[in-house]
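Number of protein chains: 2
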Amino acid sequence: MNARRKFRREGEERRRQDLIDATLDSVAEHGLQGATVRTIALRAGVTAGLIRHYFPGKEDLLQEAYAALMGRMTEQAKAALVMEDASPRQRLAAFVTANLNAPIIDQRVFSLWATFIGRAGADPSLARAHREGYLGFRNQVEAVVAEVLAAERREPDAAELRRHAIAINAIIDGLWIEGCLAGEMFSQGELAAIGIKAVEAELGLGPLEPDDFRSNRPESESGSKSKR
Amino acid sequence: MNARRKFRREGEERRRQDLIDATLDSVAEHGLQGATVRTIALRAGVTAGLIRHYFPGKEDLLQEAYAALMGRMTEQAKAALVMEDASPRQRLAAFVTANLNAPIIDQRVFSLWATFIGRAGADPSLARAHREGYLGFRNQVEAVVAEVLAAERREPDAAELRRHAIAINAIIDGLWIEGCLAGEMFSQGELAAIGIKAVEAELGLGPLEPDDFRSNRPESESGSKSKR
DNA sequence: GGCGTTGTTGTGCAAGTGTATAAATAGCCT
DNA sequence: AGGCTATTTATACACTTGCACAACAACGCC
Numbered sequence: 001m002n003a004r005r006k007f008r009r010e011g012e013e014r015r016r017q018d019l020i021d022a023t024l025d026s027v028a029e030h031g032l033q034g035a036t037v038r039t040i041a042l043r044a045g046v047t048a049g050l051i052r053h054y055f056p057g058k059e060d061l062l063q064e065a066y067a068a069l070m071g072r073m074t075e076q077a078k079a080a081l082v083m084e085d086a087s088p089r090q091r092l093a094a095f096v097t098a099n100l101n102a103p104i105i106d107q108r109v110f111s112l113w114a115t116f117i118g119r120a121g122a123d124p125s126l127a128r129a130h131r132e133g134y135l136g137f138r139n140q141v142e143a144v145v146a147e148v149l150a151a152e153r154r155e156p157d158a159a160e161l162r163r164h165a166i167a168i169n170a171i172i173d174g175l176w177i178e179g180c181l182a183g184e185m186f187s188q189g190e191l192a193a194i195g196i197k198a199v200e201a202e203l204g205l206g207p208l209e210p211d212d213f214r215s216n217r218p219e220s221e222s223g224s225k226s227k228r
Numbered sequence: 229m230n231a232r233r234k235f236r237r238e239g240e241e242r243r244r245q246d247l248i249d250a251t252l253d254s255v256a257e258h259g260l261q262g263a264t265v266r267t268i269a270l271r272a273g274v275t276a277g278l279i280r281h282y283f284p285g286k287e288d289l290l291q292e293a294y295a296a297l298m299g300r301m302t303e304q305a306k307a308a309l310v311m312e313d314a315s316p317r318q319r320l321a322a323f324v325t326a327n328l329n330a331p332i333i334d335q336r337v338f339s340l341w342a343t344f345i346g347r348a349g350a351d352p353s354l355a356r357a358h359r360e361g362y363l364g365f366r367n368q369v370e371a372v373v374a375e376v377l378a379a380e381r382r383e384p385d386a387a388e389l390r391r392h393a394i395a396i397n398a399i400i401d402g403l404w405i406e407g408c409l410a411g412e413m414f415s416q417g418e419l420a421a422i423g424i425k426a427v428e429a430e431l432g433l434g435p436l437e438p439d440d441f442r443s444n445r446p447e448s449e450s451g452s453k454s455k456r
């Protein structure tokens with residue numbers, strides 16, 4: 001009786017991932033206070049002692065879990081930008097749409113983000129991790145904006161470009177929060193539509209010309225016909 | 229010796245406020261996990277047992293602290309809207325400016341907001357508190373937007389008004405987050421300037437006419453001179 | 001099959017947790 | 001001044017927490 005529990009040996013990478021996933025689940029469900037080594041271990045299907053075999057301490061596990069979360073978020077967000085054969089403007093719209101629908105709009109991810117970011121003020125390493133992720137994101141936005149404006153024959157200076165990137169970033173972030181916190185208040189695709197309109201207004205883009213539906217049109221120097 | 233600690237009797241309201249403030253300080257500094265009854269009591273200058281004299285349990289204290297925080301935030305945010313003798317457009321700009329400067333842009337308040345809101349997904353009472361605050365805020369925005377557009381002789385329908393309010397709310401929220409998390413990346417007043425431009429772009433407002441500097445101009449029916 | 005390595009378990013422990021409760025005392029009323 | 005009462009302190013308690021460590025057994029290797 002009192003038989004010792006059966007177990008299987010998993011590969012190191014697999015176990016670490018399982019523990020990290022279990023950590024994120026625990027934090028999402030019960031917050032940082034509910035993420036105890038025992039809760040996490042139970043969720044991962046192991047016993048508490050094992051955590052210390054893979055991580056120096058609970059703090060390190062939390063740190064790695066946060067890094068993993070940020071990595072997945074920015075990875076998904078940027079994925080929408082790599083469309084080939086699309087005009088800059090279409091790519092920008094696709095980017096906004098991707099960021100304002102599932103799986104980016106997700107209450108669980110938002111809870112995790114908020115829980116961790118709330119500690120950024122006191123934890124310099126968290127603050128730095130956020131800043132890097134944020135700047136990477138904003139630079140991506142700035143690059144697309146530059147392409148869009150270039151396609152419109154406009155030549156914004158660096159300051160204007162920066163302003164647009166900051167504003168567009170804010171629009172996406174703000175709508176993301178609204179969608180995560182009160183998703184059922186918005187109809188399907190509504191947030192994305194609002195976001196695209198707001199972004200186009202910020203950039204001073206008029207309605208789409210038929211030309212813009214063609215992809216990658218060559219830079220003809222046909223003059224100022226399409227200028228405002 | 230081992231003399232019992234001296235103490236003073238404070239009024240009930242004062243003590244409750246002190247305990248709530250100490251709670252918010254503790255949460256802001258060390259997160260929910262760091263906000264223990266002993267930490268809070270120490271900060272408030274009392275001993276731990278007293279908390280149970282004013283609150284049924286720690287959970288209730290946290291709840292009241294969150295309510296107090298939300299109350300102060302929305303109160304400050306709305307305060308900027310009650311300007312008399314100003315055109316709707318000026319009031320909107322003042323509103324944006326107020327929300328994108330101290331004391332609304334504040335790392336401590338942001339940490340508190342994020343920490344609590346991260347629990348909204350699991351705690352229905354928190355979710356409801358947020359939703360009410362959010363809708364109140366958005367309705368304020370919608371009202372000012374309606375005034376601004378009316379002054380411009382435009383007649384948006386309800387759906388368009390709602391869209392503008394959601395977008396403007398997102399712009400303010402997004403810039404607020406950027407400012408709280410990385411305030412030193414922006415120069416003085418930069419966020420407010422970006423916010424005002426973005427909001428005016430969203431509403432399709434052109435540059436200010438001299439007329440608009442006069443306050444409360446009567447609705448003259450001088451025709452469409454100022455129309456786009 | 002036997003054996004060694006090491007991933008994994010189970011137990012123990014000191015520190016810290018929220019709460020209950022008794023003892024003390026500050027401040028008001030007469 | 002003296003007593004009443006409710007505020008405040010102090011202590012106790014059951015429970016949880018992160019971590020240390022020894023025993024164990026799964027798996028690769030011979």
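Here the protein sequences line up with chains F and Z, keeping their order. Mapping the first sequence onto the working numbering, position 185 (from 1) lands on 185, and the numbers just tick up by one. If you count the second sequence from 1, you need to add 228 to reach the working numbering. Ideal Cβ positions, reconstructed from N, Cα and C, are used throughout, including at glycine. Since the structure is predicted, the reported quantities are computational estimates derived from the model, not experimental observations.
Between the region 282 to 291 of chain Z and the region 335 to 342 of chain Z, are three or more C-beta pairs nearer than 8 angstroms?
no
Could you check whether the Cβ of residue 221(F) sits closer than 8 angstroms to any Cβ belonging to chain Z?
Per-residue confidence for residue 221(F) stands at a pLDDT of 45, beneath the threshold of 50, marking its modelled position as unreliable; the derived number appears in the next sentence. Chain Z contact via Cβ: absent.
When DSSP labels each residue in this structure, what does residue 337(Z) get in the three-state scheme?
helix
Starting from the Cα of residue 272(Z), find the closest Cα among 261(Z), 251(Z), 362(Z) and give me that residue.
251(Z)
Is any beta-carbon of chain F found at less than 8 angstroms from that of residue 359(Z)?
yes
Residue 58(F) by DSSP, collapsed to three states: which one?
helix
Counting only C-beta atoms, is residue 406(Z) closer than 8 angstroms to chain F at any point?
yes
Near residue 390(Z), which residues of its chain fall below 8 angstroms by C-beta distance, leaving aside the five closest residues on each side in sequence?
370
Which of the three DSSP states is assigned to residue 254(Z) in this structure?
helix
Contact criterion: CB-CB distance below 8 angstroms. Does residue 181(F) meet it with respect to chain Z?
yes
Cross-chain neighbours of residue 300(Z) in chain F, by beta carbon under 8 angstroms
What residue 300(Z) touches in chain F: nothing, since even the nearest Cβ is about 17 angstroms away.
Assess, as a yes-or-no matter, whether the region 380 to 397 of chain Z is touched by the region 425 to 433 of chain Z under the definition of 3 or more beta carbon pairs within less than 8 angstroms.
yes
Got a sec: is the Cβ-Cβ distance from residue 39(F) to anything in chain Z below 8 angstroms?
no
How far does the alpha helix (DSSP H) with residue 191(F) in it extend, from its first residue to its last?
190 to 203
Looking at the structure shown, is residue 132(F) part of a helix, part of a strand, or coil, going by DSSP?
helix
Cβ pair residue 393(Z), residue 198(F) closer than 8 angstroms
no
Helix or strand or just coil, what does DSSP make of residue 103(F)?
coil
For residue 352(Z), three-class secondary structure by DSSP:
helix
Taking the straight line between their C-alpha atoms, what separation do you get for residue 226(F) and residue 148(F)?
With a pLDDT of 42 at residue 226(F), under the threshold of 50, the predicted position of this residue should be treated as unreliable, and no value is reported.
Cβ separation of residue 175(F) and residue 100(F), assumed to be a contact under 8 angstroms, to the nearest whole Å
6 angstroms
Going along chain Z, which residues have a C-beta under 8 angstroms from residue 169(F)?
402, 406
Beta-carbon proximity list for residue 253(Z), same chain, < 6 angstroms, skipping 5 on both sides
271
Tell me whether residue 248(Z) sits in a helix, a strand or coil according to DSSP, three-state version.
helix
Could you give the distance in angstroms between the alpha-carbon of residue 133(F) and the alpha-carbon of residue 256(Z)?
23 angstroms
Quick one: using the 10 Å Cβ neighbour count with 16 as the cut-off for buried, is residue 247(Z) buried or exposed?
buried
So what does DSSP say about residue 88(F), is it helix, strand or coil?
helix
Endpoints, alpha helix (DSSP H) assigned at residue 310(Z):
Neither: residue 310(Z) is in no alpha helix (DSSP H) and is coded neither H nor E.
Does any C-beta atom of chain Z lie closer than 8 angstroms to the C-beta of residue 230(F)?
Absent from the structure is residue 230(F), since the part of chain F shown begins at 1 and ends at 228.
Determine the contact status of residue 192(F) and residue 36(F), defining contact as a CB-CB distance below 8 angstroms.
no
Listed by chain order, chain Z residues near residue 97(F) by CB distance under 8 angstroms:
Those within 8 angstroms of residue 97(F) in chain Z number zero; the least Cβ separation is about 15 angstroms.
For the region 334 to 347 of chain Z, which residues have a beta carbon sitting closer than 9 angstroms to at least one beta carbon of chain F?
335, 336, 338, 339, 340, 341, 342, 343, 344, 345, 346, 347
What residue does the alpha helix (DSSP H) around residue 380(Z) start on, and which one ends it?
Residue 380(Z) -> no alpha helix (DSSP H), and no H or E assigned at all.
Residue 453(Z) (DSSP reduced to helix, strand or coil):
Low per-residue confidence applies at residue 453(Z): pLDDT is 42, beneath 50, and the placement is therefore not dependable enough to give any value.
Under 8 angstroms between C-beta atoms, does residue 202(F) make it to chain Z?
yes
Quick one: grab the DSSP three-state call for residue 447(Z).
Low per-residue confidence applies at residue 447(Z): pLDDT is 44, beneath 50, and the placement is therefore not dependable, though the value from the model is reported in the following sentence. Note: residue 447(Z) maps to coil in three-state DSSP.
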